[in-house]
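Asks: Handing you a structure now.
2 protein chains.
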Amino acid sequence: MAATMKDIAKQTGLGLATISSYLNGGNVREKNRIKIEEAIEELNFEVNEVARGLKTNKTKTIGVIIPELNMAFCTQIITEVEDLLRSRGYATIICDCRSDEKREEEAVEFLFHRRVDGLIIMPSGKQGKHLKKFTRAGKPVVLIDRKLKEIECDCVLVDNEWASRDAVERLLAAGHKRIGMIAGPQDIYTAKERYRGYCTAMENAGLLTEDRLVAHGDYTIESGAAAMKELVSRNPDMTAVFVSNYEMTMGAIIEINELGIEIPGQLSFIGFDNVEFAKANIPRLSIVIQPTQEIAGHVSELMLRRLEENGNQSERETIKLRTSFVEGKSVKE
Amino acid sequence: MAATMKDIAKQTGLGLATISSYLNGGNVREKNRIKIEEAIEELNFEVNEVARGLKTNKTKTIGVIIPELNMAFCTQIITEVEDLLRSRGYATIICDCRSDEKREEEAVEFLFHRRVDGLIIMPSGKQGKHLKKFTRAGKPVVLIDRKLKEIECDCVLVDNEWASRDAVERLLAAGHKRIGMIAGPQDIYTAKERYRGYCTAMENAGLLTEDRLVAHGDYTIESGAAAMKELVSRNPDMTAVFVSNYEMTMGAIIEINELGIEIPGQLSFIGFDNVEFAKANIPRLSIVIQPTQEIAGHVSELMLRRLEENGNQSERETIKLRTSFVEGKSVKE
DNA sequence: TTGAAAGCGCTAACAT
DNA sequence: ATGTTAGCGCTTTCAA
C-alpha cells in the first residue's frame with residue numbers, strides 16, 4: 001500500500017496540516033521541512049491526486065473530443081495539445097467519436113461524469129446544446145474549427161473560406177475555367193465554408209458554379225476516391241480540381257491513378273493538408289496547409305488561461321488563423 | 001453544485017447504502033427503485049467517479065504511452081484501443097513521449113501519480129525498470145511491439161522478422177540480388193527484428209549482407225528520405241529496396257521522386273504499413289501491413305481481463321501476430 | 001507556523 | 001432489503 005500523508009505525519013511527529021502546507025508550497029520551518037522531505041523519501045510517498053481531486057473538486061484533467069484520431073489534421077493538433085497540457089500538469093482524456101453525433105454526445109457525458117476540468121472539442125454535430133452541461137458547471141469549453149452559437153466559449157478557427165477561395169483563384173489564374181471541387185459533408189461547418197470559398201472565387205471570375213462540378217465526400221479516403229470518379233465521369237471537360245481535406249485528397253489521387261489520368265497534363269490538382277503526402281506524390285502536389293501547431297498553441301493557451309481565471313472570466317475569444325499554400329507541380333499553367 | 005447521494009437519500013427517505021446498492025446493481029425493492037429513479041431524475045444526480053475512485057482505489061482509467069501519436073501505426077492502434085476501453089467504461093490517458101526515453105519515464109511517473117488502473121505501452125526505451133512501479137502495485141501492464149524481460153506482463157507482438165524476411169524473399173524471387181534496406185534505429189526492438197529478417201533472407205539466398213546496402217533511419221519521414229539518398233549514392237548497382245516502416249516509406253518515396261528515379265523500372269520497392277498511401281502512389285506500392293485492429297483487440301482484451309482478474313492472475317501471455325503482404329506494382333520481375 | 005478536526009462523495013462491513 | 005457508520009487521502013477552517 002502506498003504511503004499517505006498520515007504516514008508521514010506520524011513519522012515526522014507533525015500534524016497533517018503542516019504536511020499539506022509543505023506539499024502545497026506553504027511556509028514550513030526549515031528543520032520540519034527537512035524532516036518531511038526525509039520521510040517522503042523514506043516512505044516513498046506520493047500525493048494521491050484522486051483524493052486531492054475529491055477535496056478540491058478539480059481533476060487536473062481535460063477532456064478532448066475529436067471526430068477521428070485517424071485524421072492527420074486531428075492528430076497533429078492533439079499531439080501538440082496533449083504535450084502542452086501535460087507540461088502544465090494536466091492529463092488529457094481523448095475521445096474519438098468517429099465523426100458521429102451520437103457518439104459525440106456520449107463522449108460529452110462520459111467526460112462530464114469523469115469530472116474533467118475543461119473540454120476541448122472539434123464538434124461533429126452542428127448543435128452545441130449538449131455542451132451546456134459544461135458551461136453551466138462553470139467549466140471552460142474551447143472549440144476547434146467551428147463556432148457554435150448556443151454556447152459561450154472560446155474558439156480557434158481557420159479561415160476556411162479564404163483558404164479555399166485562394167486555392168481556386170490560383171487555378172483560375174492558371175487559366176482554368178472548368179474547375180471541379182471535392183467538398184466535404186454539407187452539414188459540417190468547415191466543409192460549408194470551403195465550399196463557399198470555391199463558389200465565391202468562381203463567381204468573382206464570372207463563372208457560374210454548376211452542381212455537376214461539385215461532388216461531396218465525407219472526409220474519408222474512400223469518399224474522396226468515389227467523388228473523384230463521379231466528377232470525372234460527369235465532367236469530361238474538367239481541367240482542374242480542388243480537394244478540400246487530406247483524406248479525400250489521398251482518395252482522389254488513388255482514383256486518378258486508377259483511372260490513369262495524368263497530373264497536371266490532363267488534370268490540374270490542388271489538395272489539402274498534408275505536406276508530406278504532397279511531396280511524396282509525382283508530381284509534387286500543390287496544397288493548402290492548415291497551421292496545426294498554431295491552432296494547438298492557441299487552444300491550449302486559452303484552456304489554461306480559463307482554468308486559472310477561476311470564475312472571474314474575461315471576455316470570450318475567437319481566434320481565426322490563416323492557412324498557407326505550398327506550391328507543387330500539379331497545376332498546369 | 002451537483003447533487004450527491006446524500007441528497008437523494010434525503011429526498012427518498014432511504015439510507016445511503018440503499019442508494020449505493022441501487023447504483024451498483026444490487027437488489028432494491030421495486031417501489032424504492034422507483035423512488036430513487038425519480039429522485040435521480042429530479043435532482044439530476046450523477047455518480048461522482050472521483051469519490052468512488054478514492055474509495056475503491058480504482059480510477060477506471062488506463063494510461064497509454066506511445067512513441068508518436070503522429071505515426072500512423074500508433075494512431076491506428078490507439079483509436080481502436082480507446083474505443084474498446086471506453087465502451088467498457090474505462091477512460092484512457094494518452095501520453096506521447098516523442099520517442100524519447102526520458103519523456104517516457106516522465107510519462108510513467110505522471111500516469112502512476114494519477115493512479116491509473118493499468119498501463120499500455122509501446123516502449124521507446126530498451127529497459128523496463130521504470131515499469132516495475134506498476135507491477136509492484138499490482139497494476140497490469142500490457143506491452144505492444146516489444147518484449148521487456150525485466151518485467152512480468154502481457155505483450156502483443158508482430159512477427160517482424162518474418163515480415164521482413166518474407167518481403168525480401170519476394171524481391172529475391174523476382175530476381176533481385178542487390179537489395180537495399182532502410183532499417184530503423186538500431187536500439188529499437190522491432191527495427192532490429194526487421195533487420196534480422198532482411199539478413200536471414202539474404203543469407204539464405206547465398207548473398208552476403210553488406211553494410212553499404214543498409215541505411216538506418218529513425219522512423220521519421222525525413223530520415224527515410226536521407227537514408228534513401230544515401231543508399232542510392234552508395235550503391236549505383238542496387239536494383240531493389242525494402243523500407244521498414246510507414247514514415248520512412250513516405251520519405252523514401254519523396255526522395256525517389258526528388259532524384260527522378262523510376263519505380264519499378266530503375267528500382268523495385270517494397271514499403272511498410274499504410275495501404276492507402278501505397279495505393280495513392282504511382283505505381284501502386286507493394287507493402288507489408290501490420291494487423292493494427294487485431295493488435296488493438298488483443299491489447300484491450302488482455303488489459304480488461306487483467307483488470308477483472310483482480311489479484312488471482314493467470315499466466316502472462318505473449319501474443320505474436322503475422323503481418324500480411326499487399327501486392328502492388330512496384331516490384332519488377 | 002502548526003495541530004485538531006471536519007468533510008469532500010462514495011463504498012462496504014455490520015447490524016437490523 | 002435497508003439503515004448506520006466508518007473510513008478512503010486529502011484540504012481547509014479554526015485555534016493555539
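If you read the protein sequences in the order shown, they are chains A and B. Per UniProt numbering, residue 1 is the first one in the first sequence, and the count goes up by one each step. Per UniProt numbering, residue 1 is the first one in the second sequence, and the count goes up by one each step. Beta carbons are placed, not taken as given, at the ideal position from N, Cα and C, and that holds for glycine.
1. Is LEU148 (chain A) closer than 8 Å to GLY180 (chain A) when the C-beta atoms are compared?
2. With H, G and I counted as helix, E and B as strand and the rest as coil, what does DSSP make of SER164 (chain A)?
3. So, at 6 Å on beta carbons, what are the nonlocal neighbours of residue 336 (chain A) in its own chain, with the 5 sequence-adjacent residues on each side left out?
4. Is any beta-carbon of chain B found at less than 8 Å from that of LEU69 (chain A)?
5. Using beta-carbon positions only, say whether VAL50 (chain A) and VAL50 (chain B) come within less than 8 Å of one another.
6. So HIS298 (chain A) is in the alpha helix (DSSP H); what residue range does that whole segment cover?
7. Compare the Cα-Cα distances from ASP159 (chain B) to each of B:MET5, B:ARG115, B:LYS55, B:ARG322 and report the closest residue.
8. Can you give me, in chain order, the residues of the UniProt domain "HTH lacI-type" (3–56) of chain A that have a beta carbon less than 8 Å from any beta carbon in chain B?
9. So does the segment 216–227 of chain A actually touch the segment 180–190 of chain A, counting three or more Cβ pairs closer than 8 Å?
10. ILE78 (chain A) versus chain B: which residues are under 8 Å apart at the beta carbon?
11. Along chain B, which residues have their Cβ under 8 Å away from the Cβ of CYS95 (chain A)?
12. Determine, using beta carbons only, whether CYS97 (chain B) and PRO67 (chain B) come nearer to each other than 8 Å.
13. For ASN257 (chain A), go through chain B and note every residue whose CB falls closer than 9 Å to its CB, in chain order.
14. For GLY271 (chain A), which residues does DSSP report across the bridge?
15. Quick one: what's THR92 (chain A) bridged to in DSSP?
16. When the cut-off is 8 Å and only beta carbons count, does ILE253 (chain B) lie next to chain A?
17. Quickly, what does DSSP pair CYS155 (chain A) with across the bridge? List them, please.
18. In terms of residue numbering, what span does the beta strand (DSSP E) encompassing GLY118 (chain A) cover?
19. Can you name the start and end residues of the alpha helix (DSSP H) that VAL108 (chain A) belongs to?
20. Ends of the alpha helix (DSSP H) at ILE253 (chain A)?
21. Could you name the residues of the segment 292–307 of chain A whose beta carbon sits closer than 7 Å to any beta carbon of chain B, in the order they occur along the chain?
22. Thinking GLU169 (chain B) and ALA137 (chain B) are a contact (beta carbons under 8 Å), I'd like their distance in whole angstroms, please.
23. Using a Cβ cut-off of 9 Å, pull out every chain A residue sitting near ARG136 (chain B), in sequence order please.
24. Using a Cβ-Cβ distance cut-off of 8 Å, determine whether MET248 (chain B) contacts chain A.
25. Could you tell me which chain A residues have their CB closer than 7 Å to the CB of ALA91 (chain B), listed as they occur along the chain?
26. Chain B partners of GLU276 (chain A), CB-CB under 9 Å?
27. On a Cα-Cα basis, can you pick out the residue from B:ALA252, B:GLY125, B:GLN313 that is closest to THR135 (chain B)?
28. For GLU34 (chain A), count the other beta carbons within 10 Å of its own beta carbon; 16 or more makes it buried, fewer makes it exposed. Which is it?
29. Do you know offhand how far CYS95 (chain A)'s Cα is from GLU333 (chain A)'s?
30. Is the number of C-beta pairs between the segment 105–114 of chain A and the segment 76–85 of chain A that are closer than 8 Å three or more?
31. If we count the other Cβ atoms within 10 Å of its Cβ and call it buried at 16 or more, is THR61 (chain A) buried or exposed?
Replies: Straight from the coordinates:
1. no
2. helix
3. Past the boundaries of the shown model lies residue 336 (chain A); chain A is included only from 1 to 333, so the question cannot be answered.
4. yes
5. yes
6. 292–309
7. B:ARG322
8. GLU46, VAL47, ASN48, GLU49, VAL50, ALA51, GLY53, LEU54
9. yes
10. LEU69
11. GLU82, ARG86
12. yes
13. LYS279, ALA280, ASN281, ILE282, PRO283, ARG284
14. A:ILE287
15. A:ILE62
16. yes
17. A:LEU143, A:THR318
18. 118–121
19. 101–113
20. 246–259
21. none
22. With a Cβ gap of about 45 Å, GLU169 (chain B) and ALA137 (chain B) do not count as contacting.
23. Result: empty, since nearest Cβ-Cβ is about 10 Å, beyond 9 Å.
24. no
25. ILE93, ARG114
26. ILE221, GLU247, MET250, GLY251, ILE254
27. B:GLN313
28. Per the sequence shown, the amino acid found at residue 34 (chain A) is Ile instead of Glu. Flag for ILE34 (chain A) reads exposed.
29. 44 Å
30. no
31. buried
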